[in-house]
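Numbering (numbering that gives the first Met the number 0), first residue to last: 0 to 340.
Quick reminder that beta carbons are idealized off the backbone N, C-alpha and C, glycines included.
Since we're looking at a predicted model, the values are computed, not measured.
Have a look at the structure below before the remarks.
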Amino acid sequence: MSIALTTQDTTTAPLLDRYGRRHTSLRLSVTDRCNIRCFYCMPAEGVVFRPRDELLTFEEIERFVRAVVPLGVNKLRLTGGDPLVRADLPKLVERLTQIEGIRDIALTTNGMLLDRHAAALKAAGLRRINISLDTLREEVFQQITRREGLDQVLAGIAAAQEAGFEQIRLNAVAIRGLTEPEIIPLAEFARARNLELRFIEFMPLDADHHWSNDQLLTGAEIRRCLEQHFGPLVPATRPDASQPAVDFRFADNRGGIGFINPVSEPFCGDCNRLRLTAEGQVRNCLFSQVEWDARRLLRSGATDDELRSLVRECVAAKAPSHGIGAEGFHQPERPMYQIGG
Ligand code: SAM
Ligand code: SF4
């Protein structure tokens with residue numbers, strides 16, 4: 000279905016797709032570089048990163064965001080690669096917090112560089128931060144990330160708590176046959192620090208294309224394991240229907256627990272997310288096979304309305320769901336670190 004829009008509509012009409020989903024959240028990847036090599040995301044060896052001049056500058060990212068705010072985009076998440084590998088990230092945070100209409104900016108990081116940057120990020124106006132932590136054992140950390148560094152991540156978490164962020168969440172990717180023993184220790188760790196912990200199902204976005212359903216450790220299984228240990232989890236109120244996580248609290252109110260179950264319980268019907276890759280390609284889904292080239296527009300004197308039209312085209316083409324497990328599903332060529340999780 001195509002709807003004719005007036006110039007006024009092009010500038011301000013909400014970003015609705017064919018299925019009535021309204022897009023208000025933008026994930027900004029600021030780099031494809033990373034200082035570790037998680038097997039579910041990157042290859043072990045031979046990674047060729049994008050040349051620096053292909054990455055959007057902070058000015059270009061800011062311009063893109065300013066152009067899409069009138070369409071209703073009001074929530075940003077900085078990601079990568081690891082966003083803290085990008086030099087001067089707090090400067091970008093500062094620019095973005097000043098954009099009228101943006102009501103929430105968050106960051107997802109592996110935590111390796113967080114002890115150095117937590118205070119500056121907080122001072123720049125960042126309020127929420129997600130830190131990836133799949134295990135509390137160094138040998139398992141190395142198995143997953145192919146690097147040393149668990150202590151560095153733990154120092155990052157401590158620094159974030161010290162800096163006083165409003166919200167700190169821990170994200171743990173769950174892998175059958177590997178991370179079952181991590182479930183209870185991670186929950187204890189989060190509870191001891193009064194942090195929220197979210198388990199994420201492994202998605203077919205690994206660079207090696209080795210994902211298989213056998214490695215899927217579902218949120219329901221993890222919940223059963225937690226409830227056997229801690230007793231029944233109490234459902235938390237859901238402030239935002241489009242949030243991917245289903246959240247719970249422990250009966251004693253220490254810490255929080257959530258499940259992001261994109262494979263076993265897809266939440267595509269409520270998706271409100273768009274993505275901009277580090278080199279300026281707009282994507283309507285992690286699993287999309289197509290991208291829309293905003294960098295070309297940003298670097299060729301296009302107007303903001305032209306940028307908005309590109310974003311509308313991208314949203315209009317969004318599929319109803321990711322299709323994992325369906326006949327004809329193809330893992331996207333680009334792995335997670337090149338898209339931005
Ligand atoms: N480097 C940062 C980090 O790891 O937090 C930000 C980028 S990373 C791609 C964003 C999130 O995606 C992390 O929590 C990571 O664990 C998760 N992730 C990466 N590959 C994944 C996969 N194949 N399935 C599920 N989650 C994945
Ligand atoms: Fe790096 Fe994050 Fe990918 Fe791990 S998940 S390799 S930390 S980008």
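Which residues bound the beta strand (DSSP E) around K74? For this step, residue 74 is matched to residue 75 along the sequence shown. That run of the beta strand (DSSP E) goes K74 to T78.
Q.
Using a Cβ distance threshold of 8 Å, determine whether the segment 285-299 contacts the segment 219-236, with at least three qualifying pairs required.
A. Counting C-beta pairs with one atom in each stretch, the segment 285-299 and the segment 219-236 have fewer than three that are closer than 8 Å, which means they do not touch.
**Message:** Going by C-alpha to C-alpha distance, which of F266, A157 and D304 sits closest to S320?
**Reply:** Residue 320 sits at position 321 when you count from the first residue of the sequence shown. The residue with the shortest Cα to Cα distance from S320 is F266.
Decide if I2 is buried, meaning its Cβ has at least 16 other Cβ atoms within 10 Å, or exposed. As a position in the sequence shown, residue 2 is number 3, starting the count at 1. In this predicted model, I2 has a pLDDT of only 49, less than 50, meaning its place in the structure is not dependable; the value taken from the coordinates is given anyway. With fewer than 16 other Cβ atoms within 10 Å, it is exposed.
(request) Use the C-beta contact count for D114: other C-beta atoms within 10 angstroms, 16 or more gives buried, fewer gives exposed. (result) Position 115 of the sequence shown, counted from the start, is the residue given in the question as residue 114. D114 should be labelled buried.
Would you tell me roughly how many angstroms separate the C-alpha atoms of R146 and K74, rounded to the nearest one? Position 147 of the sequence shown, counted from the first residue, corresponds to residue 146. Position 75 of the sequence shown, counted from the first residue, corresponds to residue 74. Taking the straight line joining both Cα atoms gives about 32 Å.
Counting C-beta neighbours from all protein chains within 10 Å, is the total for M0 16 or more, i.e. buried, or is it exposed? Against the sequence shown, residue 0 aligns to sequence position 1. For M0, the pLDDT reaches just 41, beneath the cut-off of 50, and the residue's location in the model is therefore unreliable, although a value from the coordinates is still provided. Looking at its Cβ environment, which holds fewer than 16 other Cβ atoms inside 10 Å, M0 is exposed.
With C-beta atoms as the reference, is A186 less than 8 Å away from I256? By one-based count along the sequence shown, residue 186 stands at place 187. By one-based count along the sequence shown, residue 256 stands at place 257. Yes, Cβ-Cβ distance for A186 and I256 is below 8 Å.
For S263, which residues of its own chain have a beta-carbon under 8 Å away from its beta-carbon, when the five flanking residues on both sides are left out?
Against the sequence shown, residue 263 aligns to sequence position 264. Around S263: E200, L215, T217, G218 and A219.
If G350 and R32 are in contact, beta carbons under 8 Å, what's the gap, nearest whole angstrom? Because the chain here runs from 0 to 340, residue 350 falls outside it and cannot be looked at.
Taking D304 as the reference, give the member of V64, D52, T23 and H22 with the closest Cα. Looking up residue 304 in the sequence shown gives position 305. Among V64, D52, T23 and H22, the Cα nearest to that of D304 belongs to V64.
**OP:** Could you tell me if the beta carbon of V314 falls within a distance shorter than 7 Å of some heavy atom in ligand 1?
**Re:** Numbered from its first residue, the sequence shown carries residue 314 at position 315. Result no, Cβ not under 7 Å from ligand 1.
- By Cβ distance below 7 Å, which residues in the same chain neighbour P203 in space, the five residues on each side in sequence not counted? The residue labelled residue 203 in the question sits at position 204 within the sequence shown. Residues of the same chain with a CB within less than 7 Å of the CB of P203, apart from the 5 flanking positions on each side, are W210, I323 and Q330 in chain order.
### Query
Whose C-beta lies closer than 6 Å to the C-beta of R85 among residues of the same chain, with five residues either side of it excluded?
Walking along the sequence shown from the start, residue 85 turns up at place 86. Cβ within range, chain order: V29 and T30.
Mind checking S299: buried by the 16 CB within 10 Å criterion, or exposed?
-> Taking the first residue of the sequence shown as 1, we reach residue 299 at position 300. Flag for S299 reads exposed.
| query | Candidates G340, L55 and N260: which alpha carbon is nearest V245's? | reply | Along the sequence shown, read from residue 1 onward, the residue named residue 245 stands at position 246. V245 has its Cα closest to that of N260, out of G340, L55 and N260.
Can you tell me whether T11 is buried or exposed, with buried defined as 16 or more other CB within 10 angstroms of its CB?
Start at 1 with the first residue of the sequence shown, and residue 11 comes out as number 12. Burial call: exposed.
Going by alpha carbons, who is nearest to A162 out of S241, R282, E179 and A122?
Locating residue 162 in the sequence shown gives position 163, where the first residue counts as 1. Ranked by how close their Cα comes to the Cα of A162, the residues S241, R282, E179 and A122 have A122 in first place.
Within the segment 235-315, ranges of the beta strand (DSSP E) (whole runs, at least 3 residues) | DSSP runs (the beta strand (DSSP E)) wholly in the segment 235-315: 245-248, 255-259, 272-275 and 280-282.
| The beta strand (DSSP E) with E200 in it runs from where to where? | For the purposes of this step, residue 200 is taken as the residue at position 201 of the sequence shown. It spans E195 to E200 - the beta strand (DSSP E) in which E200 sits, taken as one unbroken run.
I'd like to know if the segment 33-53 and the segment 87-98 are in contact, where contact means that at least 3 CB-CB pairs between them fall below 8 Å. No, the segment 33-53 is not in contact with the segment 87-98.
* Step through the CB atoms of chain B and report whether any lies within less than 8 Å of the CB of L225. => The structure shown contains no chain B; it holds only a single protein chain.
May I ask you to report which of helix, strand or coil DSSP gives I2?
Here residue 2 corresponds to residue number 3 of the sequence shown, with the count starting at 1. At I2 the pLDDT is 49, less than 50, meaning the model places this residue with poor confidence; the figure from the coordinates comes in the next sentence. Note: I2 maps to coil in three-state DSSP.
Cβ of S308 versus every heavy atom of ligand 3: is any distance shorter than 7 Å? As presented, the structure is devoid of ligand 3, carrying ligand 1 and ligand 2 as its sole ligands.
Between N193 and I221, what straight-line distance do the alpha-carbon atoms span, to the nearest angstrom?
Within the sequence shown, the letter at position 194 stands for residue 193. Within the sequence shown, the letter at position 222 stands for residue 221. Distance between the alpha carbons of N193 and I221 is about 20 Å.
Note to self: Taking the alpha helix (DSSP H) that T144 belongs to, which residues open and close that run?
What the structure shows: On the sequence shown, position 145 is the one that residue 144 refers to. Unbroken alpha helix (DSSP H) run through T144: E137 to T144.
Please state whether the Cβ-Cβ distance between A158 and I128 is less than 8 Å. As a position in the sequence shown, residue 158 is number 159, starting the count at 1. As a position in the sequence shown, residue 128 is number 129, starting the count at 1. Contact: no.
- Item | D239 versus V72 - alpha carbon distance | Within the sequence shown, the letter at position 240 stands for residue 239. Within the sequence shown, the letter at position 73 stands for residue 72. One alpha carbon belongs to D239, the other to V72, and they sit about 15 Å apart.
Legend entry - Straight-line gap, V233 to E53 (C-alpha atoms, nearest Å): The residue you call residue 233 lines up with position 234 of the sequence shown. The residue you call residue 53 lines up with position 54 of the sequence shown. Their backbone Cα atoms lie some 47 Å apart in a straight line.
- Query: Taking the alpha helix (DSSP H) that A162 falls in, what are its first and last residues?
  - Reply: The residue labelled residue 162 in the question sits at position 163 within the sequence shown. Counting along the chain, A162 sits inside the alpha helix (DSSP H) bounded by residues L149 to A162.
*What number of angstroms, rounded off, separates the C-alpha of R248 from the C-alpha of R307?*
Sequence index remark: in the sequence shown, residue 248 carries index 249 (1-based). Sequence index remark: in the sequence shown, residue 307 carries index 308 (1-based). Taking C-alpha positions only, R248 is separated from R307 by approximately 40 Å.
Residue from D207, P243 and K317 whose Cα sits closest to the Cα of V46: Working through the sequence shown from its first residue, we reach residue 46 at position 47. The shortest C-alpha separation from V46 is found at D207.
Since R102 and N271 should fall inside the 8 Å C-beta cutoff, what is the C-beta to C-beta distance between them, to a whole number of angstroms? Locating residue 102 in the sequence shown gives position 103, where the first residue counts as 1. Locating residue 271 in the sequence shown gives position 272, where the first residue counts as 1. So it is not a contact: roughly 14 Å between Cβ atoms.
(Q) Looking at the secondary structure, which residues open and close the beta strand (DSSP E) in which R85 lies? (A) Sequence index remark: in the sequence shown, residue 85 carries index 86 (1-based). Where R85 is concerned, there is no enclosing beta strand (DSSP E), given that its DSSP letter is neither H nor E.
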